[in-house]
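See below for the structure under consideration.
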Amino acid sequence: MSDQSSGNAQDSDAALVRKIAEKYVSQLGPLLPILHAIQDQFGFIPTSAVPVIAEVLNLSRAEIHGVITFYHFFRETAPGKQTLYLCRAEACQAMGARKLERHAKEKLGVDYHETTSDGRFSLEPVYCLGNCACSPALMIDDFVYGRVTPERFDSLVDEV
Amino acid sequence: MAEDRVKVFVPRETAARSLGSEDVALAIEQVALERGESVALVRNGSRGLFWLEPLVEVEIDGVRHAFGPISADEVNSLFEAGFLDGGNHPKGLGPTEELPYLAEQNRLTFARAGITDPLSLDSYRVHGGYEGLEKAVKLDCEAIVDIVTESGLRGRGGAAFPTGIKWRTVLTADGEQKYVTCNADEGDSGTFADRLVMESDPFVLIEGMTIAGIAVGATEGYIYLRTEYPLAIEIMNQAIKLAESAGYLGVDVMGSGKTFCLEVREAAGAYICGEETSMLESLEGKRGVIRYRPPLPAIKGFFGAPTIVNNVITLSSVPIILARGAQYYKDYGSGRSRGTLTAQLAGNVKRGGLVEIGFGKTLREIVEGFGGGTATGRPIRAIQAGGPLGAYVHPSQFDTPLDYEAFAELGAMIGHGGLVVFDDTVDMGEQARFAMEFCSIESCGKCTPCRIGSIRGVEVIDRILSGVDESANLVLLRELCDTMVAGSLCALGGMAPFPVLSVMDHFPEDLQAR
Ligand SMILES: Cc1cc2nc3c(=O)[nH]c(=O)nc-3n(C[C@H](O)[C@H](O)[C@H](O)COP(=O)(O)O)c2cc1C
Ligand code: SF4
Ligand code: FES
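These protein sequence lines map, in sequence, to chains A and B.
Going by our numbering, the first residue of the first sequence is number 818, and it counts up by one from there.
Going by our numbering, the first residue of the second sequence is number 822, and it counts up by one from there.
Have a look at this one:
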């Protein structure tokens, strides 16, 4: 994660963003790969990255911002240490996702798109993880879990 | 010596992993080491029998024997029972291929899934891989397109458009540069066939796309892959590298002198980007706002060039069509729905998984026969077919054959083949509300009936459920649905009302004050 408090860190972040953007600039349609690479690096797309990307791609800041906000996956704020992607879609609903969703929010004390006050978890909704035959499904960072009962949710969250 | 080691298979695939296959694989290695048993652990994909995952297989005298579902705690007992030498175990299921769930399917597109090591080209070739491309490189473009047309293959992404006709349009369109894009955004709830192919048999998709490229004269391909599928992304990227270094991709595909390069592009969590024009916008690095049609993507697609957009399953079905011939594929199926349907049993179902079978079986045969009814053991109340824009099918309609035209007659759709089962505890009013809510979350914003109509839809349903002007609001809801169906530019706004209307028509008792 980047340290936003010092000017030096910001400069080096900007340099890193530029390096990432330049790595992809020669591809056809480089913007999404760039945004993914930046989010992989920082955990989110820092506001300060937008003008740098805009400059490298010769686009306006508004265009870059418009793309970031269109996609649910890109975030503009730092996430918690781990991100919980809870599936809200129909196959999971059929196996109790609504109950699991209430439980998860209560247990973590947050709503969707929020991060727990201790900074450990961010909670995000997703609409299908392709694990619909083993629902309800939950992805923690990039590992998918199946048949997640409220009890299993607790043990997964307590474990990590 | 490698030959002395008994082959044991444990899937490295999302569903199996979600139920603990990584721990099982680890335990097998550990226990084998402790006991001094010589085991060759293969991380295969999954056969798609998810109700049996983690499914462990042992190869004895060339025959694979299944054990499942196995938890890490049970691994020791497998060894105690002598499972490496054909010993009995309470979780023993006999030869895998003889499991009725598998034996009664027609595995064409999924011929290798769960059998091979997904990242072994040797294993791919031993099981018939690259036979299709080998034939294709010897044919001219027209001949390849003719075979695909003749096979009767229709798009498996949802719209069921004839694939050969789409390819011919791209082939005959003017353009120096043409592209093949694969729609791997698999956004429909209840579907996982694309993921399963990509994780279990990635080379079949690569081969299918390469054949498509050669058929229409495209030298570059892109796979637009759902970001929610990190393992599929990893495996596809690895498989592409392997295919490149073995000369199956690149400047001289299989010594043909033809060029085809392939790249994975990660999507970013927008359902609408599964719609083909939105997907192309996204690939170009823009907001995924729907384009007006015409022009068709086949004529002006990726950066204005003639572009094939096909679903993962469509493209993965091409190699076997080339290898075995159009007639072989066409012999499966019914009516105008030729070949196999990759049905996906999901939700509240006892035996969830992938069922690949010729079109024409009834919904009941699939969901009750293969699926075994609900997981909870309660009666089935409804099946949502074809994803979040598909109707909720009522039990009185379960004898409808799974065939594109028969489903269309019901006002339902097969779509990408997802079948989501609900038991009698489902609240259909909530399901109708969710259909509108989902549309409002995922709308690209281009047209009012979809963007605003869906928000109004949620509000109207809330009023009905809380008993405010119930009958007037029911009339309003139907009018709103009609407006969305008639006035939306694409099928998100145009079809999101279908699940709502199906609830109004078949489950009206749930759409009233409570
Ligand atoms: C809202 C919406 C979402 C769609 N999502 C997908 C998808 O995730 N995957 C897919 O292959 N097709 C999807 N489609 C269908 C595509 O627009 C397109 O018809 C398909 O990719 C063409 O490939 P095919 O002919 O091989 O089916 C979607 C369509 C709509 C309207
Ligand atoms: S129907 Fe909805 S998703 Fe489709 S173009 Fe209109 S606003 Fe966009
Ligand atoms: S609906 Fe939840 S994983 Fe598919």
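Positions of the beta carbon are idealized from the N, C-alpha and C atoms, including for glycine.
Scanning chain A for C-beta atoms nearer than 7 Å to the C-beta of A836 of chain B yields N948, A950, C951 and G963, reported in chain order. When secondary structure is reduced to three states using DSSP, I1142 of chain B falls in the helix class.
Under the 10 Å beta carbon count, T1031 of chain B is surrounded by 16 or more other beta carbons and is classified as buried. In the DSSP assignment, G1154 of chain B is bridged to B:R1159.
Nearest C-alpha to K1171 of chain B among B:T1195, B:C1311 and B:S892: B:T1195. Any Cβ of chain B closer than 8 Å to the Cβ of E907 of chain A would place that residue at the interface, and such an atom is present. The C-beta distance from F1123 of chain B to T930 of chain B rounds to 25 Å, too long to meet the 8 Å contact threshold. At a beta-carbon threshold of 7 Å, none of the residues of chain A lie near V1037 of chain B; the nearest stands roughly 18 Å away.
C-alpha of T900 of chain A to C-alpha of M1257 of chain B: approximately 27 Å in a straight line. Look at P847 of chain A: its C-beta is under 8 Å from a C-beta on chain B.
Residue contact check for G860 of chain A against chain B: no CB pair falls below 8 Å. For V947 of chain B, the uninterrupted alpha helix (DSSP H) run begins and ends at L942 to V947, by DSSP. Per the coordinates, the alpha-carbon of G1076 of chain B lies some 14 Å from the alpha-carbon of E952 of chain B. Per DSSP, the beta bridge partners of R975 of chain B are B:P983. Per the coordinates, the alpha-carbon of L1332 of chain B lies some 19 Å from the alpha-carbon of C1260 of chain B.
The distance from the Cβ of T1128 of chain B to that of P1118 of chain B is about 5 Å, consistent with a contact at the 8 Å cut-off. For Q910 of chain A, the secondary structure class from DSSP, reduced to helix, strand or coil, is helix. Inside the segment 1253-1316 of chain B, DSSP marks whole alpha helix (DSSP H) runs of 4 or more residues at positions 1269-1272, 1274-1286, 1291-1308 and 1312-1316, from first to last along the chain. Here the segment 1300-1307 of chain B makes no contact with the segment 1226-1244 of chain B; the two share fewer than three CB pairs at distances below 8 Å. Taking a contact to require three or more Cβ pairs closer than 8 Å, the segment 903-916 of chain A and the segment 947-962 of chain A qualify as touching. Taking 8 Å as the threshold, the shortest C-beta distance from H882 of chain A to chain B does not fall below it. The beta carbon of N1132 of chain B does not come within 8 Å of any beta carbon belonging to chain A, so the residue lies off that interface. For the pair P832 of chain B and S839 of chain B, the CB atoms are not nearer than the 8 Å cut-off. At least one heavy atom of ligand 3 sits closer than 7 Å to the Cβ of S1010 of chain B. Per the coordinates, the alpha-carbon of G1029 of chain B lies some 14 Å from the alpha-carbon of Y945 of chain B. Taking the Cβ atoms as the reference, I881 of chain A lies roughly 5 Å from V867 of chain A, within the contact range of under 8 Å. Fewer than three Cβ pairs drawn from the segment 870-887 of chain B and the segment 1178-1185 of chain B lie within less than 8 Å of each other, which leaves the two stretches out of contact. Between R1047 of chain B and D1006 of chain B, the gap from beta carbon to beta carbon is short of 8 Å. Nearest neighbour of D857 of chain A by Cα position, chosen from A:L874, A:R878, A:S877 and A:F890, turns out to be A:F890. Those residues of the segment 871-898 of chain A placed with their C-beta closer than 7 Å to a C-beta in chain B are G883, V884, F887, Y888, H889, F890 and F891, ordered along the chain. For S939 of chain A, the enclosing beta strand (DSSP E) has its first and last residue at F938 to V943.
Here the segment 1313-1325 of chain B lies against the segment 1203-1220 of chain B, with 3 or more beta-carbon pairs under 8 Å apart. The beta-carbon of D959 of chain A is placed less than 8 Å from the nearest beta-carbon of chain B. A distance below 6 Å between beta-carbons, with the five flanking residues on each side excluded, links V1072 of chain B to the following residues of its chain, in chain order: T1080.
At a threshold of 7 Å, N1169 of chain B does not count as near ligand 3, since its beta carbon sits no closer than that to any of the ligand's heavy atoms.
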